[in-house]
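Chemist: Numbering (the working numbering), first residue to last: 891 to 1275.
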Ligand SMILES: [Zn+2]
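1. Beta-carbon separation of residue 960 and residue 1263 under 8 Å?
2. Measuring only the C-alpha atoms, how far is residue 932 from residue 1193?
3. How about residue 958 and residue 926: do their beta carbons lie closer than 8 Å?
4. Beta-carbon separation of residue 1292 and residue 1058 under 8 Å?
5. Nearest CA to the CA of residue 1116: which residue from 956, 1270, 936, 1244?
6. So the beta strand (DSSP E) residue 1020 belongs to, where does it begin and stop?
7. Determine the direct distance from the alpha carbon of residue 1218 to that of residue 923, and round the result to whole angstroms.
8. Starting from residue 1046, follow its DSSP beta bridges and name the residues at the other end.
9. Answer yes if the stretch 988 to 1006 comes into contact with the stretch 1015 to 1031, meaning at least three C-beta pairs across the two stretches below 8 Å, and no otherwise.
10. Run through the stretch 1132 to 1197 for me and flag every whole beta strand (DSSP E) of 3 or more residues, listed as ranges in chain order.
11. Assuming contact is defined by CB atoms lying nearer than 8 Å, are residue 1162 and residue 1196 in contact in what I supplied?
12. Whole angstroms is fine: what's the gap from residue 1093's alpha carbon to residue 1259's?
13. Which residue comes first and which comes last in the alpha helix (DSSP H) that contains residue 1201?
14. Helix or strand or just coil, what does DSSP make of residue 923?
15. Taking buried to mean at least 16 other C-beta atoms within 10 Å of its own C-beta, is residue 1230 buried or exposed?
16. Whole angstroms are fine: how far does the CA of residue 965 sit from the CA of residue 1032?
17. So, for residue 1055: in the same chain, excluding its five sequence neighbours on each side, which residues have a beta-carbon less than 7 Å away from its beta-carbon?
18. Can you grab the Cα-Cα spacing for the pair residue 1256 / residue 1201, in whole Å?
19. Can residue 1024 be considered in contact with ligand 1, in the sense that its beta carbon sits closer than 7 Å to one or more heavy atoms?
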């Protein structure tokens, strides 16, 4: 197993597996990387023990093992402007809690700070934990805080969440404005990007406004990441990337991670949730309630029916591969940061289903290995010094 993993890691094709039907074995032999998961924020901070199999949520160590996940990026997440002060401490508290998960489960999981660590930990049969900080408010505008988070293991920073920062702007706010009023990176923002390039911390442009996206593209000396975003051409949403952005990402050598959130995959999702709500409750959904709220009111059976058909994930992958190229597509599930994963991809134990489907769709083992992990690792390595 070790030989195959290393061969794939080094970018060599493994012809012996090209025609194999045993997708389970192929999946096991790949280095599977999920570039975005919110379980620290959604469960660990609330005292839940992800060392044991849980009946709720999408992620725990037993299910990561079952899913053949070799490298899991754990997001250190902050979703609220009130964290602008105290956000750095909040980030450190979350890293503390990840470290305590790892200490309690040290035979099964270890934090990596480099691709060299990743190779070693994977070959020891353990899960690799990587840290990604979402979002940039957690450095509180300080380069020193950025460096401190790097020292603790942070290997990407998602510049913004869904609100603007003084030094970078968010798609949720900025992309609606007329072009001449849109702000991107400030001068201080440019210094932050320069420092990230120097340190070897990947710039994550999921959530960023178009202006910020292109400002980063113009100055980054390293390949960037859009850790959890889909194709806007298939599902128009401010969180997805349009064709020009995908072309820019390809030119930059970066990577886009497919997000499993139903509203980012499927334009019919909102109306499906509302229809199921009407069916279940026999009344119109309240106008001021969000689709997320309505979804949470649905019973388990209706939630399953509301979730995006699995095929839509494959369609987004096909499209991203077509526009950005096979070397620039990855996985960024967003598990535990989303309430409605696609059908058949209900939690982290289901990643083998994706490998199987991509192989059945005609992707080669080498192509699937790239999507399932190698592309992400290539970008990480290119950012290292
Ligand atoms: Zn996000």
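No residue lacks a Cβ here, since even glycine has one placed at the ideal position from N, Cα and C.
Modeler: Let's see:
1. Taking the first residue of the chain shown as 1, we reach residue 960 at position 70. Taking the first residue of the chain shown as 1, we reach residue 1263 at position 373. Yes, these two residues count as a Cβ contact at 8 Å.
2. For the purposes of this step, residue 932 is taken as the residue at position 42 of the chain shown. For the purposes of this step, residue 1193 is taken as the residue at position 303 of the chain shown. Cα-Cα distance, rounded: 20 Å.
3. On the chain shown, position 68 is the one that residue 958 refers to. On the chain shown, position 36 is the one that residue 926 refers to. Contact: no.
4. Missing from the structure shown is residue 1292; the chain here goes from 891 to 1275 and no further.
5. For the purposes of this step, residue 1116 is taken as the residue at position 226 of the chain shown. Cα-wise, what sits closest to residue 1116 is 1270.
6. By one-based count along the chain shown, residue 1020 stands at place 130. Run containing residue 1020: 1017 to 1024, per the beta strand (DSSP E) assignment.
7. Residue mapping note: residue 923 aligns to position 33 of the chain shown, counting from 1. Residue mapping note: residue 1218 aligns to position 328 of the chain shown, counting from 1. If you take the alpha carbons of residue 923 and residue 1218, they lie about 14 Å apart.
8. Within the chain shown, the letter at position 156 stands for residue 1046. Per DSSP, 1022, 1092.
9. Judged by pairs of C-beta atoms under 8 Å, the stretch 1015 to 1031 touches the stretch 988 to 1006, as three or more such pairs exist.
10. 1145 to 1148
11. Mapped onto the chain shown, residue 1162 falls at position 272. Mapped onto the chain shown, residue 1196 falls at position 306. A contact, by the Cβ cut-off of 8 Å.
12. For the purposes of this step, residue 1093 is taken as the residue at position 203 of the chain shown. For the purposes of this step, residue 1259 is taken as the residue at position 369 of the chain shown. If I take the Cα positions, the gap works out to 23 Å.
13. The residue you call residue 1201 lines up with position 311 of the chain shown. Boundaries of the alpha helix (DSSP H) harbouring residue 1201: 1200 to 1214, taken from the DSSP string.
14. Stepping through the chain shown from its first residue, residue 923 is reached at position 33. Strand.
15. As a first step, residue 1230 must be located in the chain shown, where it is residue number 340. The residue is buried, with at least 16 neighbouring Cβ atoms inside 10 Å.
16. Counted from its first residue, the chain shown places residue 1032 at position 142. Counted from its first residue, the chain shown places residue 965 at position 75. So the alpha carbons of these two residues sit roughly 20 Å apart.
17. Translated into the one-based positions of the chain shown, residue 1055 becomes position 165. Closer than 7 Å at Cβ, skipping near neighbours: 1026, 1027.
18. The count along the chain shown starts at 1 and reaches residue 1256 at position 366. The count along the chain shown starts at 1 and reaches residue 1201 at position 311. For residue 1256 and residue 1201, the distance between alpha carbons rounds to 21 Å.
19. As a position in the chain shown, residue 1024 is number 134, starting the count at 1. Yes, Cβ of residue 1024 sits closer than 7 Å to a heavy atom of ligand 1.
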